[in-house]
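Undergrad:
Residue numbers (UniProt numbering): 1 to 191.
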């Protein structure tokens with residue numbers, strides 16, 4: 001499926017796994033426990049990947065200054081604020097955001113499975129987040145060693161999704177940064 005966007009591949013996987021999950025006998029306790037084990041293993045692998053990325057970020061400790069204009073929240077009349085940070089701090093913040101997102105997904109899955117007794121999503125959520133962990137920009141840069149150019153240039157563009165284009169991508173071009181500096185819209189410099 002090379003050349004297809006990750007979102008299309010995700011939809012194909014979800015639709016395929018929905019068909020597979022209809023045939024899985026979740027009422028058998030052994031099958032249910034195996035699917036739970038798969039879900040737990042998937043999340044442990046994701047946590048391992050994120051930990052490995054963190055060690056690579058800390059090894060590089062790239063203190064190159066990164067300036068960009070963070071877009072204003074959707075619906076706000078404010079202008080974006082200037083962010084001055086380092087590549088190391090930016091990458092750590094992005095990794096924390098990935099981790100937080102993963103933990104929210106685990107929490108939601110826990111509620112859906114333990115409280116509402118849904119079992120089918122366990123199968124899908126064992127695959128899609130794992131696939132995402134191996135497709136994110138930090139993995140490509142720090143594990144695969146791809147150069148931080150093009151789509152991997154910091155600040156990263158928001159991943160295409162349901163409401164991704166609402167606030168716009170961060171602006172890192174010189175003109176936008178200088179305009180934000182002149183307007184005094186800066187935040188505190190992160191070190």
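Each residue gets a CB set at the ideal place from its N, CA and C atoms; glycine is no exception.
If I measure Cβ to Cβ from residue 120 and keep anything under 6 Å in the same chain, skipping five residues before and after, which residues do I get?
TA: Once the five neighbours on either side are set aside, the close Cβ partners of residue 120 are 21.
Undergrad: Is it true that the CB of residue 148 sits closer than 7 Å to the CB of residue 141?
TA: Yes, these two residues count as a Cβ contact at 7 Å.
Undergrad: Does DSSP classify residue 98 as helix, strand or coil?
TA: Reduced to three states, the DSSP call for residue 98 is helix.
Undergrad: Tell me the DSSP secondary structure of residue 52 in three-state form.
TA: Helix.
Undergrad: Could you give the first and the last residue of the continuous beta strand (DSSP E) run that contains residue 70?
TA: Run containing residue 70: 65 to 70, per the beta strand (DSSP E) assignment.
Undergrad: Ends of the alpha helix (DSSP H) at residue 122?
TA: Counting along the chain, the alpha helix (DSSP H) containing residue 122 begins and ends at 120 to 124.
Undergrad: Residue 63 to residue 98, Cα distance in whole Å?
TA: Residue 63 and residue 98: Cα-Cα distance of roughly 21 Å.
Undergrad: Which residues in the same chain have their Cβ closer than 6 Å to the Cβ of residue 135, if we skip the five residues on either side of it in sequence?
TA: So the qualifying residues of the chain are 6.
Undergrad: Quick check: the Cα distance between residue 40 and residue 79, rounded to an integer number of angstroms?
TA: Straight-line Cα distance between these residues: approximately 42 Å.
Undergrad: From which residue to which residue does the beta strand (DSSP E) around residue 82 run?
TA: Run containing residue 82: 81 to 86, per the beta strand (DSSP E) assignment.
Undergrad: What is the DSSP secondary structure of residue 139, reduced to helix, strand or coil?
TA: Correct three-state label for residue 139: helix.
Undergrad: Taking 8 Å as the threshold, find out whether the region 44 to 58 comes into contact with the region 76 to 93 through three or more Cβ pairs.
TA: Yes: the two stretches touch, three or more of their Cβ pairs being nearer than 8 Å.
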